[in-house]
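Asker: Here's a structure for you.
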Amino acid sequence: MPACIELKNVSVVYPNGVAALSGVNLAIDHGEFAFLVGATGHGKSTLLKLLYREELPTEGQVFVSGWDVPRLSPSRVARLRRRVGVIFQDFRLLPRTAWENVAFALHATGTPYRDVRRRVPEALTDVGLLDKADDFPSSLSSGEQQSLAVARVLAVRPPLILADEPTGNLDPASSQHVMSLLADASAKGATVLAATHDPAIVNAMRRRVVALRSGRIFLDTPKGRYPDDLGRD
Amino acid sequence: MIWDAIDFVCREAALQLRRERLIAISTVSTVAVLLVVLGSIALFVMDLRAWTGWMTGQLEVWGFFQSDVPRADATNALEPIADWPEIQDVKFVTKEEAWQRQKQDFPSIAKLEDAIDNPLPDAVRIKVREPQYTAAVADKLARVSGIDAVRWGGGLAQQLVKFKRIVNWVALVVSLLVLVAAVFIVHNTIRLALHSRWREIYIMQLVGATRTTVAGPFLLEGTLHGILGAALACCVLVPAHMYLRDLAEHSFFPLAPDRALLFFALHLLLAGALLGLTGSIFSIRRYLRQKPDWHR
Ligand SMILES: Nc1ncnc2c1ncn2[C@@H]1O[C@H](COP(=O)(O)OP(=O)(O)OP(=O)(O)O)[C@@H](O)[C@H]1O
Ligand SMILES: [Mg+2]
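Here you go:
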């Protein structure tokens, strides 16, 4: 079976000339839980964007479950994204109520209506947002918006979860809770790749840690800790 | 599965219709205004057609028999005429009938009734199907044996033919121009309206919605807006035309009948639906393919 995520010699150069990733090789197996760490602007989000095809590699190959991601047709891209739940760094919520945000993701992934009605409140309850089900993102705090983004992904139960700083706006207790939700999903078989800046979480969970510096992987340890020196340059 | 998809499209469209009032108002009113213009042209053409049709009905070709032709020979001569393809109606008018009519129309003649003999010949009256046939029919009729003289509207028929042709062409060209402009304007209106939803469209695709799933509700919404605009245009045009028809009823200018208006209204609704649908298709394609500028 192919690895869940496989990057082969991947480089990304943005149109403005910034080399966000250079020669990255990475393989993550099905069911693995890995942290992606690195200083601000060192390529974490870029790496994740390659995996759900928001960005294309300038060089190298990107595979998700064996699918050659940059070469997918538009309809295949939609199928890929239904299997990849992304918690976006900037949330990317629809200008609709919390309930409708979760419901839309479920519809888009082909969930039948009776299941939607059951799974939306479940997911909102998981992140403690059930009483805000009818609120619009514009009237939610940043932390609440982030929790909603988490709920949207968890409701769908995708086999691969990409979390881009999923706890960046949360208090420590809520952060731990969201991380335990992701760990639960992982325990049920999902592969999780989470970018984070939070040493407390990384050190508490002792999972695989992949560290980026200037767009290169400089550290990849199983059951790792948050690196003391991210090596800003 | 398919029902879920249909259900989804309808719910999404309903949600958008409720939320996006401004978009609805701008699209609906644009379509309405454009269809009032287009519809006026169509009605004008319909009325002109009705009028030329009526004028054509008035076009008659008369043939007069020599006075020494026996009546049996005259009616025999008429038989093949009934089979001419250009004609709508042929009628033998005896000189007695003609004389009777003459006396009715001109009572002064009636007084002379006994004083003079009926001076009129037996005649044949032909109504042609289309004005352009008149000259040919008159020509043919003159060559029928026993026919002495032929009389017809000459110049008027020719002018009607020309007039009809010009009207058809002008109407075609003008409505095509207006139609192209309408598609363009509606497309632009919807494009501007969708611009504010560009991010939304993009996010929908990020969470796994196919292009069809994303586009479906927008297309349904656009179609409904188009139909609504067309309905508004109908509400303006139909009563206006009925009013004008009432005014014109006693004049020489008969307008298209009210039952033609039903037909017209259905076509206008169809045009509105197509306008909304094509406008949405053209507009959404671009937003489906491009990434929005996130920080504007
Ligand atoms: N769309 C873009 N166009 C041009 N340059 C970009 C774009 N996105 C990111 N970059 C650049 O690429 C580099 C890596 O960005 P990236 O977003 O991957 O960093 P990051 O590790 O996620 O940072 P953070 O921790 O702040 O989220 C940065 O130098 C950034 O300026
Ligand atoms: Mg980032």
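Heads up: the sequence lines are chains A and B, in that order.
Going letter by letter, the first sequence gives residues 1 to 233 in the numbering used here.
Going letter by letter, the second sequence gives residues 1001 to 1296 in the numbering used here.
Note that the Cβ used here is the ideal one computed from N, Cα and C, for glycine as well.
#1: Which residues in chain B sit within 7 Å of R92 (chain A), going by Cβ to Cβ distance?
#2: Is K1291 (chain B) close to ligand 2? I mean its beta-carbon at under 8 Å from any heavy atom of the ligand.
#3: Report yes or no: is there a C-beta of chain B within less than 9 Å of the C-beta of S142 (chain A)?
#4: With a cut-off of 8 Å, do at least 3 Cβ pairs link the stretch 1159-1176 of chain B to the stretch 1253-1263 of chain B?
#5: Give the residues of chain B in contact with T109 (chain A), contact being defined as C-beta atoms less than 7 Å apart.
#6: So which residues on chain A does D1007 (chain B) lean against when the C-beta distance must stay under 8 Å?
#7: Kindly say whether D1293 (chain B), judged by its beta-carbon, lies nearer than 9 Å to any beta-carbon of chain A.
#8: Shorter than 9 Å from the beta carbon of E100 (chain A) to some beta carbon of chain B?
#9: Can you tell which of A:R76, A:V192, A:H107 has the C-alpha that lies nearest to the C-alpha of I28 (chain A)?
#10: At 9 Å on the CB atoms, spell out the chain B contacts of R81 (chain A), in chain order.
#11: Tell me the DSSP bridge mates of R1125 (chain B)?
#12: From B:A1123, B:F1092, B:R1191, B:C1234, pick the residue whose C-alpha is nearest to that of L1270 (chain B); which is it?
#13: Please report the residue range of the alpha helix (DSSP H) in which I1002 (chain B) lies.
#14: Under 9 Å, Cβ to Cβ, is there at least one residue of chain A near L1015 (chain B)?
#15: Quick check on T1213 (chain B) - is its C-beta less than 9 Å from some C-beta in chain A?
#16: So which of B:G1279, B:A1013, B:W1152 has the shortest CA-CA distance to T1189 (chain B)?
#17: Using a 10 Å radius around the Cβ and a threshold of 16 neighbouring Cβ atoms, would you call Q1088 (chain B) buried or exposed?
#18: Kindly list, in the order they appear in chain A, the residues whose Cβ is closer than 7 Å to that of E1200 (chain B).
#19: Can you tell me the Cα-Cα spacing of V1144 (chain B) and L1244 (chain B), whole angstroms?
#20: At what residues does the alpha helix (DSSP H) containing A1265 (chain B) begin and finish?
#21: Among the candidates A:D229, A:T221, A:I217, whose CA atom is the shortest distance from the CA of S11 (chain A)?
#22: Let me make sure I understand the geometry here. Which of A:G23, A:A173, A:V116, A:R157 has the alpha-carbon closest to that of G128 (chain A)?
#23: Looking at chain A, is there any beta carbon in it that lies within less than 9 Å of the beta carbon of D1004 (chain B)?
#24: Indicate whether L148 (chain A) and L160 (chain A) have their beta-carbon atoms separated by less than 9 Å.
#25: Hey, V1036 (chain B) and L1237 (chain B) are a contact pair by Cβ (cut 8 Å); roughly how many whole angstroms apart?
#26: Is L47 (chain A) near ligand 1, judged by its Cβ being under 8 Å from some heavy atom?
#27: Kindly indicate which residue of A:A39, A:K223, A:L72, A:H42 has the alpha-carbon position closest to the one of R53 (chain A).
Answerer: In this structure, then:
#1: I1203, L1206
#2: no
#3: no
#4: no
#5: G1208
#6: Y113
#7: no
#8: yes
#9: A:V192
#10: Q1205, L1206, V1207, G1208, A1209
#11: B:W1062, B:K1091
#12: B:C1234
#13: 1002-1019
#14: yes
#15: yes
#16: B:G1279
#17: exposed
#18: L94, P95
#19: 46 Å
#20: 1258-1289
#21: A:I217
#22: A:A173
#23: yes
#24: no
#25: 6 Å
#26: yes
#27: A:L72
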